[in-house]
Ligand SMILES: NC(=O)c1ccc[n+]([C@@H]2O[C@H](COP(=O)([O-])OP(=O)(O)OC[C@H]3O[C@@H](n4cnc5c(N)ncnc54)[C@H](OP(=O)(O)O)[C@@H]3O)[C@@H](O)[C@H]2O)c1
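In my numbering, the protein residues as written are 1 to 329.
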């Protein structure tokens, strides 16, 4: 008898996208040399875009969404991975051109897998998820630009969201003083509990302003883009740096070069999807040391494979706080 398991499947007929929970077998999975029993996945902004079809994330149909997963190796043709190894995968085309994590089983390339650090459970790995791993890449970008806690404040935009929440938590554990920018001032207590020292209204940053403003922060982690990123750069101190990873406000960047040529500000591009394995291992290693797991647990809600499509619109509309873990098993 065929061994069936459950997966979410996005299909497109006549330009109309549908999403259903279906039973499939390993024969239906895509190519790869490692099969993983997926235990957890997560909800990221990009998952919202893929499930609603509001942006062309999915390149080939049908598709199993879910840009990340953690799980346990079920079978492996690569001697570097053994049955029972706990692994994580972020990006590398999951939910775009390769079946993703909203499935009880996944077949992937061993070149895309990382073994989880001992002290990160499978659930914690997806509480962190792609948003949290990207937040760590942003922090590493600032550190590599030699921005130290004693140099001044760090601004985090989109702070109630996944990248923002994890970024605040890591930065505060490392001793940085964090300013959180949010459109949800009602989340002030939450943001302070993660370690933000002060909160500003995101409206302060979202409208066109002067090309150079008062120098307010020495570094920033921006998941918002557009006019917000322009204003973040314009108010970064001399010699500061900004890690840019997102586009929640928009993908445009109507900026001037003045912050770069008059203040020596650096703009650091952050990509999590195709980041090389060495960078991923560095980020996951640092997450295992520098992320307060108690704070992480406070920013998480848990849901299931059947319920996850209900969150798709909410995350695009900026209504999800912190992180959503999908318990698959
Ligand atoms: N480069 C990469 O590899 C990479 C990896 C992961 C994520 N990302 C990107 O990073 C961004 C954040 O991802 P996420 O998973 O953390 O999403 P998320 O949980 O939805 O967080 C985004 C946050 O941005 C703020 N926001 C939403 N709409 C906004 C608007 N119109 N103007 C200003 N702020 C707005 C909201 O925070 P407040 O309510 O607190 O203002 C929202 O919670 C997304 O654009 C995502 O695509 C990129």
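Beta carbons: idealized from backbone N, C-alpha and C, even for Gly.
DSSP, reduced to helix, strand and coil, places residue 90 within a strand of the structure shown. In the structure shown, residue 136 falls within a helical segment according to DSSP collapsed to helix, strand and coil. Put simply, the backbone Cα of residue 238 is about 8 Å away from that of residue 262. The residues 218, in chain order, have a CB closer than 6 Å to that of residue 151 in the same chain once the five nearest residues on each side in sequence are set aside. Rounded to whole angstroms, residue 149 and residue 141 show a C-alpha spacing of 14 Å.
Between residue 157 and residue 223, the CB-CB gap stays under 8 Å. Remark: three or more beta-carbon pairs, one from each stretch, lie closer than 8 Å, so the stretch 27-46 and the stretch 70-84 are flagged as touching. Non-local C-beta neighbours of residue 55 in its own chain, meaning closer than 6 Å and more than five positions away in sequence, comprise 49, ordered along the chain. A Cβ-Cβ distance of about 18 Å is found for the pair residue 241 and residue 172, leaving them out of contact under the 8 Å criterion. The beta-carbon distance between residue 125 and residue 178, rounded to whole angstroms, is 24 Å. This is too long to meet the 8 Å contact definition.
Placement of the Cβ of residue 45 at a distance of less than 7 Å from at least one heavy atom of ligand 1 is found. In this structure residue 227 is buried. Its beta-carbon is surrounded by 16 or more other beta-carbon atoms within 10 angstroms.
Across the structure, residue 58 and residue 17 are spaced so that their CA atoms are roughly 11 Å apart. In this structure, DSSP gives residue 185 a helical state, which the three-state scheme calls helix. Taken in chain order, the complete alpha helix (DSSP H) segments of 4 residues or longer contained in the stretch 104-187 are 122-144, 162-173. Bridge partners of residue 19 according to DSSP: 10. For residue 60, the number of other beta carbons within 10 angstroms of its own is below 16, and it is reported as exposed. Using a Cβ distance threshold of 8 Å, residue 165 and residue 286 do not count as a contacting pair. Within the same chain, and ignoring the five residues on either side of residue 283 in sequence, the residues whose Cβ sits closer than 6 Å to its Cβ are 133, 136, 137. In this structure residue 102 touches residue 65 by the C-beta definition: roughly 5 Å separates them, less than 8 Å. Across the set 280, 314, 29, the C-alpha of 280 shows the shortest separation from the C-alpha of residue 129.
The closest heavy atom of ligand 1 lies 7 Å or more from the beta carbon of residue 127.
Residue 127 is a Cβ neighbour of residue 296, given a cutoff of 8 Å. Distance from the CA of residue 168 to the CA of residue 270, rounded to the nearest whole angstrom, comes to 17 Å. Relative to ligand 1, residue 150 has its C-beta separated by 7 Å or more from all heavy atoms. In the displayed model, residue 263 falls within a helix according to three-state DSSP. Shortest Cα-Cα distance from residue 123 to any of 43, 186, 205 involves 43.
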